[in-house]
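Residue numbers (the numbering used here), protein chains in the order written: chain A, 1 to 13; chain B, 1001 to 1257.
Right, one structure below, let's go through it.
See the structure below:
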């Protein structure tokens, strides 16, 4: 399994 | 001028314990409403969001919005100098490059102040969308810490599976496999020991043990923890800090390659 990054779910504002 | 005073330094000490292994530095954004901190860990796998409301402080004054960039290892060293029963006051002038921590013993006979250099941190801020989660699970924070610790011996990942019957935590690896199932509590003497599940749809997600264990450093802040999950979105692990706010950790799931 691979670890997703949190930035792939929440956009940088 | 910014000034925030807490009657017991232990809350701030525990907050630092809850974030310092995950974050090396962070910005404390202070305004009229209180103090907010949002930061990702170095690997950008998790996000910490801390809220300390102004009304939870014994005294709170913030004339102008101010961002205090702090090295958390230095801040932790300073807070270790405070006794648990000491009063703590954080102070900074507008546009200051230092923050001062003042500790006062209960009888006021010992007063210490520590000045710390601030950092100019240019950190990315993430927008967290309002989300209706498919499952929320409330359980004892000590129980959750124990489950994460116990399952970490078996593998690098924990699978959390929530159905209306209960929640199941699983791990597997070289030595074998482990499963811990918690049923929703029918009745309990102590409310904080209850397992309460609200479920719209069953969800199964996989998370890195290491991060869950970092989150459980917040255990002493709250007797209960709430886990919120939906398919293919980050897990939310929330500890409510009585009378003052909360700390939420967001953890990106692991996915099949």
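Glycine included, every Cβ here is placed at the ideal spot set by N, Cα and C.
The model shown is predicted, which means the values in this text are computed figures rather than measured ones.
Look at the Cβ atom of residue 1119 of chain B, then the Cβ atom of residue 1070 of chain B, and state whether they are nearer than 8 Å. Here the question's residue 1119 of chain B lines up with position 119 in the second chain. Here the question's residue 1070 of chain B lines up with position 70 in the second chain. Yes; because the gap between Cβ atoms is below 8 Å, this pair is in contact.
Does the Cβ of residue 1254 of chain B have 16 or more other Cβ atoms within 10 Å, making it buried, or fewer, making it exposed? Taking the first residue of the second chain as position 1, residue 1254 of chain B is located at position 254. Buried.
Using 8 Å for Cβ pairs, my map puts residue 1231 of chain B next to residue 1203 of chain B. What's the rounded Cβ distance? On the second chain, position 231 is the one that residue 1231 of chain B refers to. On the second chain, position 203 is the one that residue 1203 of chain B refers to. That pair is a contact at about 6 Å.
Status (buried if at least 16 other CB within 10 Å, exposed otherwise) for residue 1015 of chain B: In the second chain, the residue the question calls residue 1015 of chain B occupies position 15. The residue in question, residue 1015 of chain B, is buried, as its Cβ has 16 or more Cβ neighbours within 10 Å.
If the criterion is Cβ atoms closer than 8 Å, does the pair residue 1190 of chain B and residue 1017 of chain B meet it? Within the second chain, residue 1190 of chain B is the residue found at index 190, counting from 1. Within the second chain, residue 1017 of chain B is the residue found at index 17, counting from 1. Contact: no.
Contact list for residue 1185 of chain B against chain A, beta-carbon separation under 8 Å: As a position in the second chain, residue 1185 of chain B is number 185, starting the count at 1. Below the 8 Å Cβ cutoff, chain A contributes no neighbours of residue 1185 of chain B, its closest Cβ being approximately 31 Å away.
Would you please verify whether the beta carbon of residue 1022 of chain B is less than 8 Å from any beta carbon of chain A? As a first step, residue 1022 of chain B is located in the second chain; it is residue number 22 there, counting from the start. Not closer than 8 Å to any Cβ of chain A, the Cβ of residue 1022 of chain B fails to qualify, so no.
Pull out every residue of the segment 1153–1172 of chain B whose Cβ sits closer than 9 Å to any Cβ of chain E, in chain order. Protein chains A and B are contained in the structure displayed, whereas chain E is not.
Classify residue 1218 of chain B as helix, strand or coil using the three-state DSSP reduction. Taking the second chain and counting its residues from 1, one reaches residue 1218 of chain B at position 218. In the structure shown, residue 1218 of chain B sits in a helix (DSSP, three-state: H, G or I).
Could you list which residues in chain A have their beta carbon closer than 7 Å to that of residue 1040 of chain B, in chain order? Residue mapping note: residue 1040 of chain B aligns to position 40 of the second chain, counting from 1. Chain order gives the chain A residues near residue 1040 of chain B as 6, where near means a beta carbon separation below 7 Å.
Buried or exposed: residue 1113 of chain B, going by 16 or more other Cβ atoms within 10 Å of its Cβ? Locating residue 1113 of chain B in the second chain gives position 113, counting from the first residue. Per the 10 Å Cβ criterion, exposed.
Taking only the alpha-carbon atoms, compute the straight-line gap between residue 3 of chain A and residue 1045 of chain B and give it to the nearest angstrom. Locating residue 3 of chain A in the first chain gives position 3, counting from the first residue. Locating residue 1045 of chain B in the second chain gives position 45, counting from the first residue. Distance from the CA of residue 3 of chain A to the CA of residue 1045 of chain B, rounded to the nearest whole angstrom, comes to 8 Å.
Thinking C-beta only, is residue 1224 of chain B closer than 8 Å to residue 1138 of chain B? By 1-based counting over the second chain, the position of residue 1138 of chain B is 138. By 1-based counting over the second chain, the position of residue 1224 of chain B is 224. Going by C-beta atoms, residue 1138 of chain B is nearer than 8 Å to residue 1224 of chain B.
For chain A, check one thing: does any of its Cβ atoms lie closer than 8 Å to the Cβ of residue 1044 of chain B? On the second chain, residue 1044 of chain B is found 44 positions in, with the first residue counted as 1. So, interface residue.
Please name the residue, chosen from B/1171, B/1150, B/1245 and B/1212, that lies closest to residue 1251 of chain B on a Cα-to-Cα basis. Taking the first residue of the second chain as position 1, residue 1251 of chain B is located at position 251. Among B/1171, B/1150, B/1245 and B/1212, the Cα nearest to that of residue 1251 of chain B belongs to B/1212.
Taking the alpha-carbon positions, what's the residue 1172 of chain B to residue 1073 of chain B distance? Start at 1 with the first residue of the second chain, and residue 1172 of chain B comes out as number 172. Start at 1 with the first residue of the second chain, and residue 1073 of chain B comes out as number 73. Taking the straight line joining both Cα atoms gives about 34 Å.
Distance cutoff 8 Å, beta carbons only. Does residue 1206 of chain B sit that close to anything in chain A? The residue labelled residue 1206 of chain B in the question sits at position 206 within the second chain. For residue 1206 of chain B, the answer is yes, since a Cβ of chain A falls inside 8 Å of its Cβ.
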